[in-house]
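Single-structure report; data block below.
Protein chains: 2
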Amino acid sequence: MKRNGKLSASLHALLHMAERPERPMTSEEIASWLNTNPVVVRRMVAGLRDAGILSSARGHGGGWTLARPAETITLAEVTAALNERLIAFSTEPENPRCLVERAVNDALDGVRDEIEHLLSQRLAQVTLADIAAQCGPGVAAHLENRHAH
Amino acid sequence: MKRNGKLSASLHALLHMAERPERPMTSEEIASWLNTNPVVVRRMVAGLRDAGILSSARGHGGGWTLARPAETITLAEVTAALNERLIAFSTEPENPRCLVERAVNDALDGVRDEIEHLLSQRLAQVTLADIAAQCGPGVAAHLENRHAH
DNA sequence: CTGATTTGTAACTAATAAAGTTACATGAAA
DNA sequence: TTTCATGTAACTTTATTAGTTACAAATCAG
Numbered sequence: 001m002k003r004n005g006k007l008s009a010s011l012h013a014l015l016h017m018a019e020r021p022e023r024p025m026t027s028e029e030i031a032s033w034l035n036t037n038p039v040v041v042r043r044m045v046a047g048l049r050d051a052g053i054l055s056s057a058r059g060h061g062g063g064w065t066l067a068r069p070a071e072t073i074t075l076a077e078v079t080a081a082l083n084e085r086l087i088a089f090s091t092e093p094e095n096p097r098c099l100v101e102r103a104v105n106d107a108l109d110g111v112r113d114e115i116e117h118l119l120s121q122r123l124a125q126v127t128l129a130d131i132a133a134q135c136g137p138g139v140a141a142h143l144e145n146r147h148a149h
Numbered sequence: 001m002k003r004n005g006k007l008s009a010s011l012h013a014l015l016h017m018a019e020r021p022e023r024p025m026t027s028e029e030i031a032s033w034l035n036t037n038p039v040v041v042r043r044m045v046a047g048l049r050d051a052g053i054l055s056s057a058r059g060h061g062g063g064w065t066l067a068r069p070a071e072t073i074t075l076a077e078v079t080a081a082l083n084e085r086l087i088a089f090s091t092e093p094e095n096p097r098c099l100v101e102r103a104v105n106d107a108l109d110g111v112r113d114e115i116e117h118l119l120s121q122r123l124a125q126v127t128l129a130d131i132a133a134q135c136g137p138g139v140a141a142h143l144e145n146r147h148a149h
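Each protein sequence line maps, in turn, to chains R and F. Residues in the first sequence are numbered from 1 upward in steps of one, following this note's numbering. Residues in the second sequence are numbered from 1 upward in steps of one, following this note's numbering.
Set out below in structure tokens:
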């Protein structure tokens, strides 16, 4: 998995699950799609389970399944469940007593809050089903070609 | 300097320069404000010089000065000059032949482009002078207190 | 019940990216 | 002509992230 690739990787996994909602998928399978290993997958999607987006089952025939229909899962929810900070600039003070630094960081914090809010709104407009539709109308008919690794 | 702290640090430095536009400030001085060292400062602000925001002078009495008034320098320009990517999620493909992954990354790329544009618009509304004004009306009268390290 | 299978997690290791450092060249002023 | 400053390349250090190993806990098939 690429660095800072958790959002992309999670969505990738969720979409494959959306294609076969009836069948639980193991961390092992998911890991092979994402070029990573099962433990990383479990760690990554643990938040999605806690957020009620996925359910997991242990043991024989276990694995991961969508906890609700793809139409009801927005990218905003997925993003929030991952606890990733998407806006990258730091506003940690280097010297808290400097008023100039404080003013700079306050201004940047304000901008970040606004932009995170806008980002969240924008991500809330897209569901997993919307992206699945973008895979092309032929995709549903060619399941076996979707992962030609 | 903190990680991903270049935007904050650069603005911090620029504001101190805006306070004394007549006097060139050395990389050494700036570095001490930012808790870092002069070479890191030079590297960081090189882009600001190239963008016409700062001018530099070598030798005796040299250093860095604002190339134009603080009222005309927006945060958007500063951000662009730093060549930092502020939206942090990766959309590098893990497996380019997977249509699902492509659809996910295309969607995310679209969102990122939109948000980066909004961010840039928002940052364009704020000038260095605006932030200086936020330091409080008393600041100009107490220059010596602004860096009580 | 027992063994196979799968998630859950802690602890550790490796890779990567970012900042810091050293070294030295270049240019300007005293 | 010495001192002070930027400019930059090469290298080192640090912090973060991903990857790995190891093992416990749960579930199901037989």
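Every residue, glycine too, gets a C-beta built ideally from N, C-alpha and C. Because the structure is a prediction, the values reported are computed rather than measured.
If we cut at 7 Å on Cβ distances, does residue i have a partner in chain F?
i     : result
R20/R : no
S32/R : no
S8/R  : yes
N4/R  : yes
Return the chain-ordered list of same chain residues with a C-beta closer than 7 Å to the C-beta of residue i, the five sequence neighbours on each side being excluded.
i      : result
E71/R  : T127, A129
S10/F  : M44, V45, L48, V78, L82
A124/F : T74, A76
Measuring only between beta-carbons, confirm whether residue i sits less than 7 Å from chain R.
i      : result
L48/F  : no
Q125/F : no
N37/F  : no
L128/F : no
I53/F  : no
L150/F : Nothing in the structure corresponds to residue 150/F, since chain F is present only between 1 and 149.
Can you list, in chain order, the residues of its chain whose CB lies under 6 Å from that of residue i, leaving out five sequence neighbours each side?
i      : result
S56/R  : R49, W64
R42/F  : S27
N1/F   : According to the sequence shown, residue 1/F is Met rather than Asn. The residues are A9, L34, T36.
L108/R : T91
Look up residue i in the DSSP assignment and say whether it is helix, strand or coil.
i      : result
T72/F  : helix
G63/F  : strand
T127/F : strand
L82/R  : helix
A140/F : Only weak support exists for where A140/F lies, its pLDDT of 49 falling under 50; the coordinates are left without a value.
M1/R   : coil
I30/F  : helix
A51/F  : coil
A18/R  : helix
A132/R : helix
Whose C-beta lies closer than 8 Å to the C-beta of residue i among residues of the same chain, with five residues either side of it excluded?
i     : result
P38/F : T26, S27, E28, I30, A31
Across the stretch 40-60 of chain F and the stretch 93-104 of chain F, are there enough close Cβ pairs to call them in contact, namely three or more that are closer than 8 Å?
The stretch 40-60 of chain F is not in contact with the stretch 93-104 of chain F.
Name, going along the chain, the residues of the stretch 87-106 of chain R whose beta-carbon falls closer than 9 Å to a beta-carbon of chain F.
I87, A88, F89, S90, T91, E92, P93, E94, N95, R97, C98, L99, V100, E101, R102, A103, V104, N105, D106
Under 8 Å, CB to CB, which of the residues in the stretch 111-123 of chain R have a partner in chain F?
Against chain F - using a Cβ distance shorter than 8 Å - the residues of the stretch 111-123 of chain R are V111, E114, I115, L118, L119, R122, L123.
Scan the stretch 56-80 of chain F for residues whose Cβ lies nearer than 9 Å to a Cβ of chain R and list them as they occur along the chain.
L75, T79
Touch check for the stretch 29-36 of chain F and the stretch 9-21 of chain F: three-plus C-beta pairs under 8 Å?
yes
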